[in-house]
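When you read off a place in the sequence shown, starting at 1, and then add 80, the result is the number in the numbering used here. Following: one structure in structure tokens, then a few remarks.
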Amino acid sequence: MRVCMLTTSFPRRRDDFAGAFVYSLARELGKRGVEVSVVAPHDGRAARYETRSRVHICRFVYAWPQRWQRLAYGEGIPNNLRQHPWVALQIPGFLAMFLKTAWQVCADCDIVHVHWAPLAWLGLALKWRYRVPVVLTVHGSDVRSLPPFLIRPAMERVDAVVAAAPETEALLQELGVAHHAIPLPIDEETLQPGMAPGAVGDELGLRPGDDVVTFVGRLNEFKDPLTLIRAAPLALARRPQTRFVIVGDGPLADELRAAVDGLGLERAVHLAGARRDVGCFLALSKLFVALSPVENAWSMTIAEAMHMRVPCIITRAGRTEQLFTHLEDSFLIPPGDERALAEAIVRLLSGKEERDRLARGALDLLQRYGKDTASILQRTLSLYQAVLVPALKIDSTL
């Protein structure tokens, strides 16, 4: 089976965080005998063509000189357009070169698998040209922020729509779009429970006995890392050996640095930036925090932390409480409440037995929801087989 994936974000280097979840899916499919090609934007520095872990990658150039390419990567396409309106001038070239490259790469494929709802229109052009089925995976930000008239007609015309998270499922239900619930796989190559943290501890200046609390994610209002900064002094007053590590980058990065400096937290809070070695940070951690005021339901970073046996503190936002149970698989707190967060941090750092119980409950939760890689790949391959045989009824429970 030959699958061509179209995505607006894909790792440009081995240590790149952008689109890592798409790479994990492509790599795991490759291990199971699927020939995967990926078409993604170039950024002016990455290799145009490369093969990585059996995945063939083709990056298209859409602006010249290449260093002027600013639509993709960075803060993500929507944020790039908001922050730099002139980037909209690159959209026609972006779409034209995306389609031209996909037209060539997908010529011999059996299935086109599109990531990000607007790209479904390109997938449909390839479906018309090559008579191949199109699978669309939506990731949340596309159906959450884009007008329905732009994406719903395309979603209704592809062969299958996949929701990667419960929040996305609910949004698709509101749009009246039939879909299948299949999460993206955890990168089990770089996230191995019990793994050594390598040199990360020394890099951050951590000392034996430090209790590490970790945040991983985009530094934006949707993820709310600032609440962790505000909670840090409250927790440090009672647990001075606590260290806070924030892994990620985004539009709030400068504001976070200013807050750390303003509160005199330089020794206790470490801003690690965007990293690909998230597993090393989780291996150091006694707690993980997910603080979105909007939605946490099966955030990839929560699944990764639970897989690594790190107890999670999660805000009661969106559909969070429909998945996670307070004191059974996680510790739930109100969003935007630094005092509640500090109290939870102090309580859990003071109680190893409770941390261990939450970690065990989280593993049970992952298994119940089929978040292990083997289950995810089996469901993905079953869906591929189903769309290849139009007469075969596709089970919506996939």
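In this text, a Cβ means the ideal position worked out from N, Cα and C, and glycines have one as well.
Reduced DSSP category for residue i - H, G, I as helix; E, B as strand; rest coil
i: H387; result: helix
i: V212; result: coil
i: C84; result: strand
i: P121; result: strand
i: A261; result: strand
i: L362; result: helix
i: T322; result: strand
i: Y129; result: strand
i: Y142; result: coil
i: T477; result: Note that T477 has pLDDT 49, beneath the 50 cutoff, so the model's placement of it is unreliable and no number is given.
i: V369; result: strand
i: G344; result: coil
i: V223; result: helix
i: A106; result: helix
i: G99; result: coil
i: T217; result: strand
i: V467; result: helix
i: E375; result: coil
i: G113; result: coil
i: G398; result: coil
i: G328; result: coil
i: L457; result: helix
i: L407; result: coil
i: A354; result: coil
i: A240; result: strand
Cβ distance (whole Å) where residue i is taken to contact residue j below 8 angstroms
i: A176; j: T88; result: Actually they do not touch by this definition, with Cβ atoms about 15 angstroms apart.
i: P277; j: L367; result: Going by Cβ atoms, the distance from P277 to L367 rounds to 15 angstroms, so no, they are not a contact pair.
i: S133; j: C189; result: Not quite, the Cβ-Cβ distance comes to about 19 angstroms (not below 8 angstroms), so this is no contact.
i: R112; j: L461; result: 7 angstroms
i: G203; j: L351; result: Their Cβ separation, rounded to whole angstroms, is 38 angstroms, which puts G203 and L351 out of contact at 8 angstroms.
i: E375; j: G398; result: 3 angstroms
i: G173; j: A143; result: 6 angstroms
i: I326; j: F295; result: 5 angstroms
i: A182; j: V119; result: 5 angstroms
Beta-carbon proximity check, residue i vs residue j, cutoff 7 angstroms
i: G342; j: P373; result: no
i: D290; j: R323; result: yes
i: L264; j: A244; result: yes
i: R319; j: V426; result: yes
i: A197; j: V223; result: yes
i: L308; j: L332; result: no
i: H193; j: V215; result: yes
i: I393; j: A424; result: yes
i: R139; j: R128; result: yes
i: L463; j: A234; result: no
i: V238; j: I262; result: no
i: Y103; j: P91; result: yes
i: V135; j: G110; result: yes
i: L65; j: P391; result: Residue 65 is absent from the structure shown; the chain starts at 81 and stops at 478.
i: L446; j: M386; result: yes
i: L252; j: P228; result: no
i: F97; j: M380; result: no
i: R389; j: P273; result: yes
Best match in the options for proximity to residue i [C-alpha to C-alpha]
i: G353; options: Q321, G297, A383 and L407; result: G297
i: G99; options: D452, H195 and L230; result: H195
i: L362; options: G256, I394, P305 and L271; result: L271
i: F404; options: A420, R389, I382 and R419; result: I382
i: H406; options: E268, R435 and H193; result: R435
i: Q465; options: G156, W183, V212 and D452; result: V212
i: C360; options: D123, L109 and V280; result: V280
i: T400; options: A385, E335, A370 and L429; result: A370
i: D444; options: D409, L468, I157 and A424; result: D409
i: A377; options: G328, Y449, R437 and M388; result: Y449
i: C186; options: T131, A126, C84 and E375; result: C84
i: V293; options: G344, W183, E236 and L421; result: L421
i: E418; options: A442, D329, A315 and Q253; result: A315
i: R396; options: R310, H387 and F411; result: F411
i: E283; options: D304, F174 and R355; result: R355
i: A311; options: E301, I137 and A339; result: A339
i: R530; options: L179, L199, L226 and P227; result: Residue 530 falls outside the range modelled here, since the chain spans only 81 to 478, and no answer is possible.
i: E269; options: T453, V469, V467 and L468; result: T453
i: E236; options: P227, I266, T248 and A200; result: A200
i: L306; options: D334, Q402, R94 and E115; result: D334
i: N159; options: A106, F97 and S225; result: S225
i: V467; options: G344, K207 and V327; result: K207
i: D95; options: V349, Q402, A168 and G328; result: G328
4 or more residues per run - each alpha helix (DSSP H) lying fully within the region 411–452: 418–429 and 432–448
Beta strand (DSSP E) runs wholly inside the region 249–308, at least 3 long, in chain order: 291–296
In chain order, each alpha helix (DSSP H) run of at least 4 residues that lies wholly inside the region 132–200: 157–163 and 171–185
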